[in-house]
Amino acid sequence: MRRLRLCTILSYSVALCTACAPLAQAADTDSPVLSFQVENDMFATDTDRHYTNGLRLSYLTKARSCDPGATCLSGLLRRITNVIPAFREGDEHRIAYSLGQNMFTPTDIEREDLIPDDRPYAGWLYLGLGFVSKSVLEQSPDRDFTRLDRLELNLGVVGPLSGAEALQKAWHDLFGFRDPRGWDNQIKNEPGLVLNYERQWLFKRKKFFFNYLDLEFAPELGAALGNIFTFAAAGGRIRIGSNLPADYGPPRIRPSLPGSAFFVAGDRVSGYLFGAIEGRAMLRNIFLDGNSFRDSHSVDKKHLVGDIQVGAAIVIPRSRLLPPFRLSYTYIWRSKEFDGQDFGDRFGSISLSFHL
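According to my numbering, numbering within the sequence shown proceeds without interruption in unit steps and concludes at 361.
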């Protein structure tokens with residue numbers, strides 16, 4: 006029954022998102038991109054626990070080619086380009102704005118008492134301001150080599166002010182899911198700040214299989230610093246498809262192997278399959294460690310955590326009524342995050358991005 010409700014919800018959600026897309030405009034691949042992401046464990050399994058829901062709305066501005074310190078960038082980001090060499094060397098620059106919420110619960114959400122050997126209830130509501138720089142390192146008829154640098158600052162709040170309790174209770178009540186009863190034990194209110202940096206390289210081999218399929222490999226390095234997350238990460242993604250669109254894979258909600266809201270749609274439908282892996286050395290995770298300066302529920306986290314991802318994406322070109330858009334699904338397996346956890350978690354991610 007839960008699966009049937011899920012299929013109905015997803016069907017209406019996709020239909021609504023598509024119907025609400027703006028009318029086509031005379032825009033090229035440099036146009037702004039609006040993306041919506043939802044991640045939930047019910048997209049992959051029947052469990053309802055741990056990282057149980059994530060929402061993120063993001064807006065990526067039109068691409069601009071700027072010289073170092075150029076006035077086409079805001080004062081703050083112009084100073085960033087002067088400090089970080091990778092951004093000075095970039096061929097295209099975009100500014101990213103985002104709003105998101107993450108939600109975490111223990112396994113048994115029907116218990117009212119604190120469960121000491123399971124992760125705490127927690128929510129994270131945040132705003133994001135980022136800077137994206139793309140560099141073309143090599144381009145030829147049969148291969149491409151590019152680099153993407155991303156710097157993003159997230160500011161927000163954890164605890165009751167995040168609204169996670171109200172959202173989960175309303176959602177479960179609306180669709181008849183189990184009533185979560187343990188939110189009185191959630192992590193307390195605390196302002197949150199995270200500075201994220203990622204670099205990805207993209208190696209693309211065109212028409213390598215009977216002059217039909219494209220193959221792409223994108224290794225990645227990243228790090229985060231703040232009272233919410235502090236970690237170092239490394240990983241990579243492989244994509245394979247026909248008429249493989251120019252992007253870095255579908256976007257994901259952190260902490261994860263990053264994709265990109267940016268994509269290029271050709272003059273015909275394209276799609277691809279992908280697989281990815283990432284490992285993270287975790288120094289700080291407030292959703293396991295508890296509040297920074299106050300006593301709260303916590304568990305002993307594992308310092309090494311890994312993700313494995315597989316998924317598919319389809320890119321639809323511009324039509325008379327709709328702009329280009331990309332729809333994707335990602336299945337994620339995450340290793341154990343804390344001592345005493347019985348098994349790793351599985352969840353799914355759905356994203357919709359379209360040019361404005």
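For every residue, glycine included, the Cβ atom is placed at its ideal position computed from N, Cα and C.
Next item on the list: For residue 223, count neighbouring C-beta atoms within 10 Å of its own C-beta (all shown protein chains included) and say buried if the count is 16 or more, exposed if not.
Entry: buried
Note to self: Spatial neighbours of residue 128 within its chain, please: C-beta separation below 6 Å, excluding the five flanking residues on both sides.
What the structure shows: 108, 167, 169
Check: Is it right to say residue 312 is buried, meaning 16 or more other beta carbons lie within 10 angstroms of its own, or is it exposed?
Finding: buried
Checklist line | Check whether residue 5 and residue 162 have beta carbons under 8 Å apart | finding: This structure does not reach residue 5, given that the chain is present from 6 up to 361, and the question cannot be answered.
Notebook entry, point to check: How long is the line joining the alpha carbons of residue 149 and residue 254, rounded to whole angstroms?
Noted result: 15 Å
Checklist line | As assigned by DSSP and simplified to three states, the class of residue 276 | finding: strand
Checklist line | Unbroken beta strand (DSSP E) run spanning residue 225, endpoints | finding: 218 to 231
Notebook entry, point to check: Per DSSP, what kind of secondary structure is residue 87 in: helix, strand or coil?
Noted result: helix
Check: For the alpha helix (DSSP H) that contains residue 258, what are its first and last residues?
Finding: First-last for residue 258: undefined, no H or E at that position.
Note to self: Within 10 Å of its beta-carbon, does residue 171 have 16 or more other beta-carbons around it, so buried, or fewer, so exposed?
What the structure shows: Around the CB of residue 171, fewer than 16 other CB atoms lie within 10 Å, so the residue is classed as exposed.
Check: Under a three-way DSSP split, which group does residue 196 fall into?
Finding: strand
Notebook entry, point to check: Which residue or residues does DSSP assign as beta-bridge partners of residue 162?
Noted result: 130, 196
Check: For residue 315, which residues of its own chain have a beta-carbon under 6 Å away from its beta-carbon, when the five flanking residues on both sides are left out?
Finding: So the list reads 280, 336, once near-sequence residues are dropped.
Item checked: Neighbourhood of residue 231 by C-beta, 8 Å cutoff - its chain only, sequence neighbours within 5 removed -> 159, 197, 198, 199, 200, 289
Checklist line | Nearest-angstrom Cα separation, counted from residue 88 out to residue 141 | finding: Within the model, the alpha-carbon separation for residue 141 versus residue 88 is close to 20 Å.
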